[in-house]
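Let me begin by presenting the structure, written as structure tokens, before commenting on it.
Number of protein chains: 2
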Amino acid sequence: MTVQLAPIPDHVPLPAGFAAAGVHCGLKKNGQLDLGLLLADAPVPAAAIYTQNRLVGAHVHVCRDHLQRGDGLVRAVLVNSRNANCATGPQGIVDAQACCAALAARLGCPTEQVLMLSTGPIGAPLPRQRILDHLDALLEQASGDGARAFSRAIMTTDTYPKAIFAEDAALQATGFAKGSGMIHPNMATMLGFLVTDAKLPRAEDARAVLREVADRSFHRVTVDGDTSPNDTLVLLASGRGRGQSNGGALLTDLAQQLARQIAADGEGATRLMTIEVRGARSEAEAAHVGRVIATSPLVKTAVAGLDPNWGRILSAAGRAEVPFDATKARVWIGPAAVYENGVCHPEREGAAHQHLANETQVVLGVDLALGDAAADVWTCDLTKDYVQINADYRT
Amino acid sequence: MTVQLAPIPDHVPLPAGFAAAGVHCGLKKNGQLDLGLLLADAPVPAAAIYTQNRLVGAHVHVCRDHLQRGDGLVRAVLVNSRNANCATGPQGIVDAQACCAALAARLGCPTEQVLMLSTGPIGAPLPRQRILDHLDALLEQASGDGARAFSRAIMTTDTYPKAIFAEDAALQATGFAKGSGMIHPNMATMLGFLVTDAKLPRAEDARAVLREVADRSFHRVTVDGDTSPNDTLVLLASGRGRGQSNGGALLTDLAQQLARQIAADGEGATRLMTIEVRGARSEAEAAHVGRVIATSPLVKTAVAGLDPNWGRILSAAGRAEVPFDATKARVWIGPAAVYENGVCHPEREGAAHQHLANETQVVLGVDLALGDAAADVWTCDLTKDYVQINADYRT
Chain A
1 MTVQLAPIPD HVPLPAGFAA AGVHCGLKKN GQLDLGLLLA DAPVPAAAIY TQNRLVGAHV
61 HVCRDHLQRG DGLVRAVLVN SRNANCATGP QGIVDAQACC AALAARLGCP TEQVLMLSTG
121 PIGAPLPRQR ILDHLDALLE QASGDGARAF SRAIMTTDTY PKAIFAEDAA LQATGFAKGS
181 GMIHPNMATM LGFLVTDAKL PRAEDARAVL REVADRSFHR VTVDGDTSPN DTLVLLASGR
241 GRGQSNGGAL LTDLAQQLAR QIAADGEGAT RLMTIEVRGA RSEAEAAHVG RVIATSPLVK
301 TAVAGLDPNW GRILSAAGRA EVPFDATKAR VWIGPAAVYE NGVCHPEREG AAHQHLANET
361 QVVLGVDLAL GDAAADVWTC DLTKDYVQIN ADYRT
Chain B
396 MTVQLAPIPD HVPLPAGFAA AGVHCGLKKN GQLDLGLLLA DAPVPAAAIY TQNRLVGAHV
456 HVCRDHLQRG DGLVRAVLVN SRNANCATGP QGIVDAQACC AALAARLGCP TEQVLMLSTG
516 PIGAPLPRQR ILDHLDALLE QASGDGARAF SRAIMTTDTY PKAIFAEDAA LQATGFAKGS
576 GMIHPNMATM LGFLVTDAKL PRAEDARAVL REVADRSFHR VTVDGDTSPN DTLVLLASGR
636 GRGQSNGGAL LTDLAQQLAR QIAADGEGAT RLMTIEVRGA RSEAEAAHVG RVIATSPLVK
696 TAVAGLDPNW GRILSAAGRA EVPFDATKAR VWIGPAAVYE NGVCHPEREG AAHQHLANET
756 QVVLGVDLAL GDAAADVWTC DLTKDYVQIN ADYRT
């Protein structure tokens, strides 16, 4: 079960100056793609943000070190799935660096211009030789047509690849993401990649744009409130576009689409839920209340059961430590304002139920009546399939 | 499915000076008990703590008002299940006060010496006439043998009643609780009642003891991270015991047993989980980390799947915003230290799996290697039955 937002396009373009590839190197069973590459024609300004979990995968150390030593210039990003290279001790860092160095040697660039990211189960040593043995194949396949293959190579429990191309009059951008469980907004909540031809000449420009983009996209999606030790979002900007803008608006739109795809592909999901919070004193407060509602198991199971249970929505908002007055608040489910001014409207629950039953993209809203600020947060319902998938993950 | 900790005794005594009763007044289907009474021979010092949810049931307003106006002296506590009297507007408060006044008139005491608590679904008007019609029957049945009936009358989705008697050389105490979903430590996380013959002459003594007791018991249990608008814990102290102690130790022991019962009876639970946090800088910090682990859907589904997934335990601890060093931490599952000093021990996972598979009361532990403080938190696993129960709750 999963919510399909739109047909996945057969071809996903890349902005000028980028190539991509995906191969099978033997980590996943059944020959599925498990090693991906994003390649820039020349070193480009880059930025990354990482999990805030205290447990971090080896790649977080290596990426941070390489971006710092390389002045934020990146030539290539290598990604493996099916192994997180996390809780693997010093050997994990050695393994990741060895992969970066081997790829850099083939590209003729400094090692620090190569990043490596890993995703999958924690605790097993990285099978680094399999990766090293497939670097040549990966480079051979890298092309402007490689976005689809890359998006497949980074999948774990995702049921479909997440790759989106967007452009405006002046700029192009392609975004990739993986993730459908262990998803919560606490820095980048999965692996995400944004490549654009926007001009972000200095690495600090790239970092500023990336933070702004993430705050309004990946930081507003949650599946289960759990963060992964490997969550990382990477931005590469070739600067070859026609426009002079920093690409923030285009990248935010792209990242929001990817964030919605992650929620829609949440483990076991049957509904993509948009939590609309209105009437807050600040956008940050609105987003906070939205995240509390979006992580409530009771709200998420009610949606799975098609139950327009406004009491659970209001109760969840009520524990967000925001001092709103419940007798002035309003709660809506789709078109139906099921609670207003301290009173519920059972006669409107039929319309709310119809919304939950008939739509795969549903809206739950709350107005706190405190101010004018608003934010949307995306999540999915909590189903028996979520439990099944996560009870059986390693068996 | 539920975890049975111990056989429920046929008879639960009450301390000197207390009587209890439970009747069916027509709120629950099938003639089950739904109206309970705790009665003191004379007004006794009392204290209560309430939900910190911004949405609060009518009874929270009424209890707070009565305890304040009555100088913390209470003669009787009336409890109905199957209706939360929450989000019912001003009428809900009027209804609760009317029930208190009618009972006070029969007892010949001031209205403010009667408390009323409600639990059940939110949003429907309180069927107050049914309650009023059964006050005489309730008073007739009230006796020292009424603890079992009271404990049944306050049940909602509980699969068994929760009533425990405890005594030491000098004091006696009986505790009651209800709750198996919408359970999270944010003030009292359910309805709970503690009656004792300890001497707590002033209401402020009772409040101080109750806060201390709750911090080490009900504030350390979670089923799903959701708090209810009606959560309330009430303490009544008759002062008729032989001892001079304030009863804090005995009441803490009692309340911890009730808290464990609530977790064991968590909706859909197959395992009572004790999260042992060691090596923290303070007890509060240890309890905080324990609560984050205890609310992780990934940890809870892993236990449901009998998967000794130490990576999820460490990841959950890692997002608690406590700056520990994951390479010095230790994680254990039952007898098996599956992660130590940054390295996992797959060869010990068999023993950890056996612990999860063979025991219904399982232990997950983490040592943060920061200090000497410790705390235990109790929760249950997250199963498909939890989803089923909460998806279908109102249908």
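As you go down the protein sequences, you meet chains A and B in turn. Letter by letter, the first sequence follows residues 1 to 395 of this note's numbering. Letter by letter, the second sequence follows residues 396 to 790 of this note's numbering. Each residue gets a CB set at the ideal place from its N, CA and C atoms; glycine is no exception. Computed from a predicted model, the values in this text were never measured in an experiment.
- Taking Cβ positions only, does Ala264/A come closer than 8 Å to chain B? Counted from its first residue, the first sequence places residue 264/A at position 264. No, Ala264/A does not count as interfacial toward chain B.
- Beta-carbon separation of Leu191/A and Ile164/A under 8 Å? On the first sequence, residue 191/A is found 191 positions in, with the first residue counted as 1. On the first sequence, residue 164/A is found 164 positions in, with the first residue counted as 1. Contact annotation: Leu191/A and Ile164/A have beta-carbon atoms that are not nearer than 8 Å.
- Buried or exposed by the 16-neighbour rule on C-beta atoms within 10 Å, applied to Gln256/A: Taking the first sequence and counting its residues from 1, one reaches residue 256/A at position 256. Burial call: buried.
- Message: What does DSSP give as the partner residue(s) for Tyr445/B in the beta ladder?
- Response: For this step, residue 445/B is matched to residue 50 along the second sequence. For Tyr445/B, which the question treats as bridged, DSSP gives the partners Thr627/B.
- Item | Reduced DSSP category for Cys344/A - H, G, I as helix; E, B as strand; rest coil | Looking up residue 344/A in the first sequence gives position 344. Here DSSP, grouped into helix, strand and coil, assigns Cys344/A to strand.
- Spell out the partners DSSP gives Arg673/B in its beta bridges. In the second sequence, residue 673/B corresponds to position 278, counting from 1. The partner list for Arg673/B (beta bridge, DSSP) reads Asp762/B.
- Task: List the residues of chain B whose Cβ lies closer than 7 Å to the Cβ of Asp392/A, in chain order.
- Result: Start at 1 with the first residue of the first sequence, and residue 392/A comes out as number 392. Against Asp392/A, the close residues of chain B are Gly700, in the order they occur along the chain (beta-carbon pairs closer than 7 Å).
- Query: Nearest-angstrom Cα distance between Thr189/A and Thr778/B?
  - Reply: By 1-based counting over the first sequence, the position of residue 189/A is 189. By 1-based counting over the second sequence, the position of residue 778/B is 383. Only weak support exists for where Thr189/A lies, its pLDDT of 37 falling under 50; the coordinates are left without a value.
- Item | Segments assigned alpha helix (DSSP H), at least 4 residues, entirely inside the stretch 505-592 of chain B | Counting only runs of 4 or more, we get 523-527, 530-536 and 542-548.
- Query: What is the DSSP secondary structure of Ser296/A, reduced to helix, strand or coil?
  - Reply: As a working note, residue 296/A is residue 296 in the first sequence. Taken through DSSP and simplified to helix, strand or coil, Ser296/A comes out as coil.
- Should Lys424/B go down as buried or exposed, given a rule of 16 or more other Cβ atoms within 10 Å for buried? Your numbering for residue 424/B matches position 29 in the second sequence. With fewer than 16 neighbouring CB atoms inside 10 Å of its own CB, Lys424/B falls in the exposed class.
- Message: Distance check for His24/A and Gly729/B, CA to CA, integer angstroms please.
- Response: For the purposes of this step, residue 729/B is taken as residue 334 along the second sequence, with counting starting at 1. For the purposes of this step, residue 24/A is taken as residue 24 along the first sequence, with counting starting at 1. Cα-Cα distance, rounded: 39 Å.
- Indicate the three-state DSSP secondary structure (helix, strand or coil) for Pro485/B in the structure shown. By 1-based counting over the second sequence, the position of residue 485/B is 90. The answer is helix: DSSP assigns Pro485/B an H, G or I state.
- Item | Helix, strand or coil at Val79/A [DSSP, three-state] | The residue you call residue 79/A lines up with position 79 of the first sequence. If DSSP states are grouped into helix, strand and coil, Val79/A belongs with the strands.
- C-alpha distance - Thr594/B paired with Ala732/B, whole-angstrom precision: As a working mapping, residue 594/B is identified with position 199 in the second sequence. As a working mapping, residue 732/B is identified with position 337 in the second sequence. A small correction: the amino acid at residue 594/B is Lys; Thr does not occupy that position in the sequence shown. Taking the straight line joining both Cα atoms gives about 45 Å.
- Task: Assign Ala654/B to one of three DSSP states: helix, strand, or coil.
- Result: Position 259 of the second sequence, counting from 1, holds the residue named residue 654/B. Secondary structure at Ala654/B: helix, using DSSP grouped into helix, strand and coil.
- Spatial neighbours of Pro520/B in its chain, beta-carbon cut-off 7 Å, leaving aside the 5 residues before and after: As a working mapping, residue 520/B is identified with position 125 in the second sequence. Closer than 7 Å at Cβ, skipping near neighbours: Thr483 and Gln486.
- So what does Arg330/A bridge to, in DSSP terms? Along the first sequence, one-based indexing puts residue 330/A at 330. In the DSSP output, where bridge partners are listed per residue, Arg330/A has Glu340/A and Asp367/A.
- Sheet register partners of Pro43/A (DSSP bridge): Position 43 of the first sequence holds residue 43/A. BP columns for Pro43/A are empty, so no partner.
- Query: For Ala747/B, which option in Ala537/B, Gly636/B and Leu759/B has the closest C-alpha, if you only look at C-alpha atoms?
  - Reply: Looking up residue 747/B in the second sequence gives position 352. It is Leu759/B whose Cα lies nearest to the Cα of Ala747/B.
- How would you list, in chain order, the residues of chain A whose beta-carbon sits under 9 Å from the beta-carbon of Asp458/B? Indexing the second sequence from 1 puts residue 458/B at position 63. The amino acid occupying residue 458/B in the given sequence is Cys; Asp does not appear at that position. Cys458/B does not reach chain A, its nearest Cβ partner there being about 17 Å away, counting only Cβ pairs nearer than 9 Å.
- Can you name, in chain order, every residue of its own chain whose Cβ lies under 7 Å from the Cβ of Ala302/A, other than the five neighbours on each side? For the purposes of this step, residue 302/A is taken as residue 302 along the first sequence, with counting starting at 1. Correct list, in chain order: Asn309 and Arg312.
- Interfacial residues, the stretch 464-492 of chain B to chain A, with Cβ spacing under 9 Å: Cβ contacts with chain A come from Ala479, Cys481, Ala482, Thr483, Gly484 and Pro485.
- Message: For a cutoff of 8 Å on Cβ pairs, would you count Tyr445/B as touching chain A?
- Response: In the second sequence, counting from the first residue as 1, residue 445/B sits at position 50. No, because no Cβ of chain A sits closer than 8 Å to the Cβ of Tyr445/B.
- Taking only the alpha-carbon atoms, compute the straight-line gap between Ser81/A and Arg348/A and give it to the nearest angstrom. Position 81 of the first sequence, counted from the start, is the residue given in the question as residue 81/A. Position 348 of the first sequence, counted from the start, is the residue given in the question as residue 348/A. As the crow flies, the alpha-carbon of Ser81/A is around 47 Å from that of Arg348/A.
- Message: Going by the DSSP bridge assignment, what does Phe18/A pair with across the sheet?
- Response: Mapped onto the first sequence, residue 18/A falls at position 18. Answer by DSSP bridge pairing, in chain order: Ala40/A.
- Item | Simplified DSSP state of Gln783/B, which is helix, strand or coil | In the second sequence, counting from the first residue as 1, residue 783/B sits at position 388. Helix.
- Message: The beta strand (DSSP E) that contains Val377/A, what's its start and end?
- Response: Mapped onto the first sequence, residue 377/A falls at position 377. Residues Ala373 to Cys380.
- Query: Val377/A and Arg220/A: beta carbons closer than 8 Å?
  - Reply: Translated into positions along the first sequence, residue 377/A becomes position 377. Translated into positions along the first sequence, residue 220/A becomes position 220. Yes, they are a contact pair.
- Query: At a Cβ cut of 7 Å, what residues of the stretch 252-283 of chain A count as close to chain B, listed as they run along the chain?
  - Reply: Contact annotation: in the stretch 252-283 of chain A, no residue has its CB less than 7 Å from a CB in chain B.
- Show which residues of chain B have a CB atom less than 8 Å away from the CB atom of Lys384/A. Taking the first sequence and counting its residues from 1, one reaches residue 384/A at position 384. Chain order gives the chain B residues near Lys384/A as Lys779, Val782 and Gln783, where near means a beta carbon separation below 8 Å.
- Item | Which of helix, strand or coil DSSP assigns to Val23/A | The count along the first sequence starts at 1 and reaches residue 23/A at position 23. Residue state, collapsed to three classes: strand.
- Where does Ala264/A sit, in a helix, a strand or coil, going by DSSP? As a first step, residue 264/A must be located in the first sequence, where it is residue number 264. Helix.
- Task: Consider the Cβ of Arg220/A: report whether some Cβ of chain B lies at a distance smaller than 8 Å.
- Result: Working through the first sequence from its first residue, we reach residue 220/A at position 220. No, because no Cβ of chain B sits closer than 8 Å to the Cβ of Arg220/A.
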